[in-house]
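Residue numbers (this note's numbering): 256 to 430.
Note that the Cβ used here is the ideal one computed from N, Cα and C, for glycine as well.
This report concerns only the one structure given below.
Here it is in structure tokens:
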């Protein structure tokens, strides 16, 4: 088991584009469906995996390009360190002043580490000053508890393997 970190921030209006945040239905529309429906299905099927927007269901980050993985950790504590660093990086811009409090953020990170250690996923979102939003996710992989059929985005780590740390708690990318 290992954990992948994901981060997205940008205009709230873009984050609200729900159609790009949900995967297409697993079954395409029947052949006799209206051409517009078939075309829309094809558009969604092509757009979802390529979009950098956070998926509505956290586990679906695993379907996104590996370039969106900001770090990978074999231990929950390492993933929690990355989360703490990202929260500290954005806290000064949080729209809600109470969420900026370091004690509050420490509790959030502690709860995230516990959830990851138990095999769960963590997804956090914060409104930023201006109409902006930041989304942070830590997704347990190999396998994911809620979606065990989803592949690891780092193909070199099969489901039974343990991923190495990628740069420590403050990893910001994978080469």
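- In the three-state scheme derived from DSSP, where H, G and I count as helix and E and B as strand, residue 395 is classed as strand.
- In the three-state DSSP reduction, residue 359 falls in the helix class (H, G or I).
- Using a Cβ distance threshold of 7 Å, residue 332 and residue 299 do not count as a contacting pair.
- Residue burial is scored here from C-beta neighbours: residue 268 has fewer than 16 other C-beta atoms within 10 angstroms and is therefore classed as exposed.
- Taken through DSSP and simplified to helix, strand or coil, residue 300 comes out as helix.
- In the DSSP assignment, the residues bridged to residue 327 are 259.
- Distance between residue 327 and residue 287, taken at the CA atoms: about 44 Å.
- When beta bridges are read from the DSSP output, residue 264 appears opposite 389.
- Here the stretch 261 to 279 makes contact with the stretch 306 to 325; the two share three or more CB pairs at distances below 8 Å.
- Under the 10 Å beta carbon count, residue 394 is surrounded by 16 or more other beta carbons and is classified as buried.
- The Cβ-Cβ distance between residue 314 and residue 405 falls below 7 Å.
- With respect to the 7 Å criterion, residue 384 and residue 348 are classified as neighbours on the basis of their beta carbons.
- Taking C-beta separations shorter than 7 Å and ignoring five residues to either side along the sequence, the partners of residue 323 in its chain run 261 and 307, following chain order.
- Separation of the CB atoms of residue 275 and residue 284 is rounded to 19 Å, and the pair is thereby denied contact status at 8 Å.
- Closest by C-alpha distance to residue 388, out of 401, 360, 346 and 399, is 346.
- Burial state of residue 339 is buried, judged by a 10 Å Cβ sphere holding 16 or more other Cβ atoms.
- Annotation: residue 357 to residue 408 spans about 32 Å, alpha carbon to alpha carbon.
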